[in-house]
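Q: Residue numbers (my numbering), protein chains in the order written: chain A, 1 to 313; chain B, 314 to 626. All C-beta atoms in this analysis are idealised placements derived from N, C-alpha and C, irrespective of residue type, glycine included.
1. Taking just the CA atoms, how far does residue 625 of chain B sit from residue 300 of chain A?
2. Enumerate in chain order the residues of its own chain whose CB-to-CB distance from residue 516 of chain B is below 7 Å, with the five nearest sequence positions on each side excluded.
3. Since residue 187 of chain A is in the alpha helix (DSSP H), which residue starts that stretch and which ends it?
4. Is residue 217 of chain A close to chain B, meaning its C-beta is less than 9 Å from at least one C-beta of that chain?
5. For residue 542 of chain B, which residues in chain A fall below 7 Å Cβ to Cβ?
6. Kindly confirm or deny that the segment 31-41 of chain A and the segment 113-125 of chain A touch, where touching means at least three C-beta pairs closer than 8 Å.
7. By how many angstroms is the C-alpha of residue 452 of chain B removed from the C-alpha of residue 374 of chain B?
8. Identify, in the order they occur along the chain, each residue of the same chain with its Cβ nearer than 7 Å to the Cβ of residue 151 of chain A, setting aside the five sequence neighbours on each side.
9. Might you give, ordered along the chain, the residues of its own chain that have their beta carbon closer than 7 Å to the beta carbon of residue 142 of chain A, omitting 5 neighbours on each side?
10. Exposed or buried, which one is residue 280 of chain A when buried takes at least 16 other CB atoms within 10 Å?
11. Exposed or buried, what is residue 35 of chain A when buried is set at 16 or more other beta-carbons lying within 10 Å of its beta-carbon?
12. Along the chain, where does the beta strand (DSSP E) that runs through residue 117 of chain A open and close?
13. Report yes if the C-beta distance between residue 381 of chain B and residue 409 of chain B is below 9 Å; otherwise report no.
14. On the premise that residue 360 of chain B lies in contact with residue 334 of chain B, defined as a C-beta separation below 8 Å, what is that separation, rounded to the nearest angstrom?
15. If you draw a straight line from the C-alpha of residue 378 of chain B to the C-alpha of residue 393 of chain B, how long is it?
16. Please name the residue, chosen from B:437, B:367, B:522, that lies closest to residue 303 of chain A on a Cα-to-Cα basis.
17. I'd like to know if residue 498 of chain B contacts chain A, where contact means its C-beta is closer than 9 Å to some C-beta of that chain.
18. Quick one: what does DSSP say residue 375 of chain B is sitting in, helix, strand or coil?
19. Measuring only the C-alpha atoms, how far is residue 400 of chain B from residue 298 of chain A?
20. Using 10 angstroms around the beta-carbon of residue 321 of chain A, count the other beta-carbons present and answer buried if the total reaches 16, otherwise exposed.
21. Alpha carbon to alpha carbon, what distance is there between residue 70 of chain A and residue 620 of chain B?
22. What is the residue span of the beta strand (DSSP E) that residue 148 of chain A lies within?
23. According to DSSP, residue 402 of chain B sits in a beta bridge with which residue or residues?
24. Within a Cβ cutoff of 8 Å, which residues of the same chain sit near residue 478 of chain B, ignoring the five residues on either side of it in sequence?
25. Which parts of the segment 205-253 of chain A are runs of the alpha helix (DSSP H), unbroken and 4 residues or longer, counting only runs that do not cross its ends?
26. Let me check one thing: in DSSP terms, what residues is residue 455 of chain B bridge-paired to?
27. So the beta strand (DSSP E) residue 493 of chain B belongs to, where does it begin and stop?
28. With residue 410 of chain B as the anchor, note down where its alpha helix (DSSP H) starts and where it stops.
29. Pop quiz: residue 376 of chain B and residue 234 of chain A are said to be a contact at Cβ under 8 Å. What is the actual Cβ separation, rounded to whole angstroms?
30. For chain A, is any of its Cβ atoms less than 9 Å away from the one on residue 594 of chain B?
31. Take the Cβ of residue 84 of chain A as the centre, count every other Cβ of all protein chains shown within 10 Å, and call the residue buried at 16 or more, exposed below.
32. So with CB distances below 7 Å, who are the chain A contacts of residue 526 of chain B?
33. Name the residues in the segment 129-156 of chain A whose C-beta lies less than 8 Å from a C-beta of chain B; which are they?
34. If you scan the segment 334-361 of chain B from start to end, which runs of the beta strand (DSSP E) of 3 or more residues do you find wholly inside it?
35. Looking only at its chain, what residues have a beta carbon closer than 7 Å to the beta carbon of residue 183 of chain A, apart from the 5 residues adjacent to it on each side?
36. Name the chain B residues whose beta carbon is nearer than 8 Å to that of residue 234 of chain A?
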């Protein structure tokens with residue numbers, strides 16, 4: 001029922017702020033025809049500034065064959081914006097009432113086989129789609145800022161979303177050059193923002209207590225885990241750092257340290273089930289690669305990141 | 314009283330595991346004569362493997378003039394190891410009783426003007442130096458794994474440490490190519506590990522609740538904040554993302570969201586004092602740079618990181 005991903009050539013971006021404008025830039029760079037809906041012509045200069053900025057980076061990363069800024073059309077009529085769209089990325093302001101009204105309208109004027117992805121970071125799709133008459137094809141497609149640079153898109157449906165539409169969105173974002181994360185549950189904050197918020201709250205505690213300044217926090221992150229995190233997430237970082245014992249050694253040996261008063265976040269109970277889930281999850285990511293191989297490739301990529309940071313400073 | 318940093322040419326590393334061995338490799342690559350103390354000759358093969366691995370990366374990052382693996386001496390006698398040392402990096406096993414005994418001995422056999430930095434991640438210097446007769450020059454110099462790659466070193470003294478020794482250590486690590494973080498208080502977990510632990514606990518909660526797999530967690534981090542975090546810490550990421558309003562806009566606008574049930578970490582009270590401290594801290598880091606300039610340089614460096622990741626994959 002949904003158009004095969006590879007046949008999508010026309011995308012509509014609703015909203016031209018940093019998120020919607022960033023999405024428009026991304027889709028242009030990946031070679032799509034892009035229709036941008038701006039509520040007010042007065043928003044054009046700000047959008048152009050976003051596109052100018054983004055295009056420098058997108059060009060440096062490499063444009064898709066045929067990609068061109070000339071393939072952008074800006075319209076101010078919603079019906080015109082969605083006519084002929086094969087995919088819609090919605091990045092309207094973070095106001096649930098406004099989004100519900102928007103999806104009510106979109107539900108009537110957009111053919112039901114066109115998937116609509118919402119960039120929202122603050123609302124759940126079950127709420128956004130509440131008044132939509134054709135909610136099956138509405139999903140969350142939440143990017144990470146800046147959306148024209150960072151690959152992550154978190155994807156999840158609401159209670160009325162069609163699982164096939166959710167699956168389609170994941171495959172589409174992948175074919176559009178993004179790194180999809182198919183969420184297992186609809187939870188506020190999704191995955192990446194929750195992780196970031198945990199870190200952010202701890203940072204605020206440390207500043208509140210005079211234990212660190214913002215400069216200390218940023219120094220700790222930039223010169224500490226960041227370069228490694230670009231190469232390995234926290235699970236694989238611990239998995240590989242523990243050598244042949246991997247995540248099992250990490251949890252069995254350092255598990256008790258979770259109860260130390262290191263942070264203000266209550267630790268979950270380290271049940272056998274959780275332990276096993278962590279261990280088998282890391283084994284899944286490793287996919288048969290040996291520890292020496294993973295450590296070697298980690299180091300090689302960290303070197304590349306460090307050299308890139310230095311050369312671009 | 315302490316030797317000027319630039320005159321230090323000889324460093325002793327106590328311990329040859331992943332941390333102590335990584336330190337030895339780092340100091341060799343920075344052009345120091347390094348004496349490595351290994352308790353047992355049987356540890357030599359494992360250390361050599363660490364050095365072999367590290368040297369590949371250190372060479373790719375660029376060796377200091379005169380740097381050579383030939384400038385390494387391995388000894389098994391502690392007195393011989395510290396004789397003539399101008400700085401000592403201690404990376405003995407994480408056992409407080411063992412470290413206290415070690416510092417008791419070092420306190421007797423190492424001249425009091427030689428600074429001793431401990432790699433400990435689990436103990437505080439006030440405890441480690443408890444039985445040391447010359448504790449003034451003992452400080453924490455906590456690296457981030459892998460220590461031959463990641464620049465961060467967290468530095469803090471214990472109650473008996475001489476503030477001059479702490480300051481000396483900061484300047485020394487800096488001159489030895491590291492990124493020092495001078496801690497304001499002696500707290501368990503220091504700064505970077507606390508931030509990482511907050512993130513780690515949130516990750517464990519999500520896995521425990523079936524909200525994400527380890528692969529989802531790692532995907533979220535690697536493709537989400539990581540590349541940006543290598544370029545901007547979380548404070549500056551929010552500061553710059555909010556445009557001209559900066560951190561003040563972030564806290565004034567999104568402060569209430571801190572109370573959302575997004576994470577399991579209780580948020581600190583967002584007092585005016587905390588708000589102002591965050592805002593002025595970000596202004597300090599910006600050091601007069603405009604938002605457009607900071608966003609431009611952020612994007613340029615993220616592009617460099619992404620291209621580096623791709624080229625080294």
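A: Judging by the given coordinates:
1. 7 Å
2. 530
3. No alpha helix (DSSP H) holds residue 187 of chain A; DSSP gives it neither H nor E.
4. yes
5. 221, 222, 226, 229
6. no
7. 28 Å
8. 178, 179
9. 119, 120, 121, 153, 154, 190
10. exposed
11. buried
12. 115-118
13. no
14. 5 Å
15. 27 Å
16. B:367
17. yes
18. coil
19. 30 Å
20. The displayed coordinates of chain A run from 1 to 313. Any statement about residue 321 of chain A would go beyond what the structure contains.
21. 26 Å
22. Where residue 148 of chain A is concerned, there is no enclosing beta strand (DSSP E), given that its DSSP letter is neither H nor E.
23. B:326, B:430
24. 315, 428, 449, 450, 451, 452, 470
25. 214-221, 234-241
26. B:467
27. 492-495
28. 409-422
29. With a Cβ gap of about 31 Å, residue 376 of chain B and residue 234 of chain A do not count as contacting.
30. yes
31. exposed
32. 281
33. 144, 145, 146, 149, 150, 151, 152, 154
34. 346-350
35. 154, 155, 156, 190, 191
36. 509, 512, 513, 516, 530, 531, 534
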